[in-house]
Every structure is written in structure tokens, then in C-alpha cells.
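Participant: Below you'll find the structure I mean.
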Amino acid sequence: PTFVDMDAPDHMHQRSMVSAFFNDAYVESRLPFIRDTVQYYLDRLIRAGKDGKEVDLVKHFALPIPSHIIYDILGIPIEDFEYLSGCDATRTNGSSTAAAAQAANKEILEYLERLVDKKTTNPSHDVISTLVIQQLKPGHIEKLDVVQIAFLLLVAGNATVV
């Protein structure tokens, strides 16, 4: 289980594993990246709407920016945005079959499991790497815990966007 399914003190203990990435100081340190990300998508939006073409603001601006930022925080390559967004859409779309939603959910979990494996050998400064280095390697939590925490943060981040 992840911290949203836990009561204190377990909730606070697991939440504290990732809280350093969701405080004022961390956000402040990421402002240049956030500004660059917003500018990148704004420039793309302007180019897409050139010559009076109609542009979907949500699809081309509002949706990718928060996703791009949470991917950076988690350590998920932005190149995987389309794939993971597609899986998440299938997983949460009320018109998807239960089997399709379950398969999409499984795909995301398997993707995150592979990413945790990569972060084990090639960590960086992100949530998943931090969980691997500070919690998984010393034996405080299992690999499945890292995957589930990453999954929670990924889908919760996306759910607040759409």
C-alpha cells in the first residue's frame, strides 16, 4: 500500500520519503526548468496556431506542462509521455472495458518497474532514484513499494490535470 491508504504513523513515514520534492525550496530550485517548460509549450502553441489555425489549448498546453514537470520530478523520460498518457487515458476512461483498463494499469506498473531497475544502476536527482538509493538499497522498502509510490505520484499528478 501507498501512503494515501495508510494511517499515521505509517502514512507520515512513507510520505516523508518523497516530501523533499514537494516543498517550497525544491519548487524554487526548479523554477528555471518550469519557466523553460512553459516557454517551450507556449512557443509550440503559437506555432501551431500560426495563420489563424485553431489549436486545442488543453491538448497542446494545459495537459503537457504539469505532466512534463511531474515526469521531471519523478525521473520519467519525457519521451515516454505519449505512451504513458495513452495508458493512463485508457486506464481512467469510463468508456474503456475493464480488461483494457486493467491491461493499461499493468503496462504502467511494468514500465515503472523497468524504470526502477534502470535507476538502481543509473540514479539521478529525482524521486524514483532517491527512493532506490535511500530506501530500497538499504532494505527499508521493497521494489514493489517504490513502483507503487511512483505510480501513485504519476497518476495523482495526471489526475489533477485532466
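For the sequence shown, the tail end lands on 172 under my numbering, and the numbers increase by one without skipping.
Every residue, glycine too, gets a C-beta built ideally from N, C-alpha and C.
Treat the numbers as computed from the prediction; the structure is a model and nothing was measured.
1) Rounded to the nearest angstrom, what separates residue 158 and residue 33 at their Cα positions?
2) What number of angstroms, rounded off, separates the C-alpha of residue 28 from the C-alpha of residue 165?
3) Quick check: what's the CA-CA separation for residue 201 versus residue 55?
4) Can you grab the Cα-Cα spacing for the pair residue 138 / residue 129, in whole Å?
5) Could you tell me the alpha carbon to alpha carbon distance between residue 143 and residue 133, rounded to whole angstroms?
6) Let's see if you can read the secondary structure: which residues bound the alpha helix (DSSP H) around residue 37?
7) Rounded to whole angstroms, what's the CA-CA distance from residue 102 to residue 116? Just pull it up for me.
8) Less than 7 Å between the C-beta atoms of residue 75 and residue 51, yes or no?
9) Identify which residue in 106, 160 and 104 has its Cα closest to the Cα of residue 124.
10) So the candidates are 110, 151, 135 and 66; which of them puts its Cα closest to the Cα of residue 31?
11) Return the CA-CA distance between residue 43 and residue 90, expressed in angstroms with no decimal places.
12) Could you check where the alpha helix (DSSP H) with residue 140 kicks off and where it finishes?
Facilitator: Let me lay it out:
1) Roughly 21 Å between the two C-alpha positions.
2) Those two C-alpha atoms are separated by around 15 Å.
3) With the chain running from 11 to 172 in the structure shown, residue 201 is simply not present.
4) So the alpha carbons of these two residues sit roughly 7 Å apart.
5) Answer to the nearest angstrom: the Cα atoms are 8 Å apart.
6) Per DSSP, the unbroken alpha helix (DSSP H) holding residue 37 starts and ends at 34-39.
7) The straight-line gap from Cα to Cα measures roughly 13 Å.
8) In this structure, residue 75 lies near residue 51, with their beta-carbon atoms less than 7 Å apart.
9) In terms of CA proximity to residue 124, 160 leads the group 106, 160 and 104.
10) Nearest Cα to residue 31 within the set 110, 151, 135 and 66: 135.
11) Residue 43 and residue 90 have their C-alpha atoms spaced approximately 18 Å apart.
12) For residue 140, the uninterrupted alpha helix (DSSP H) segment begins and ends at 137-141.
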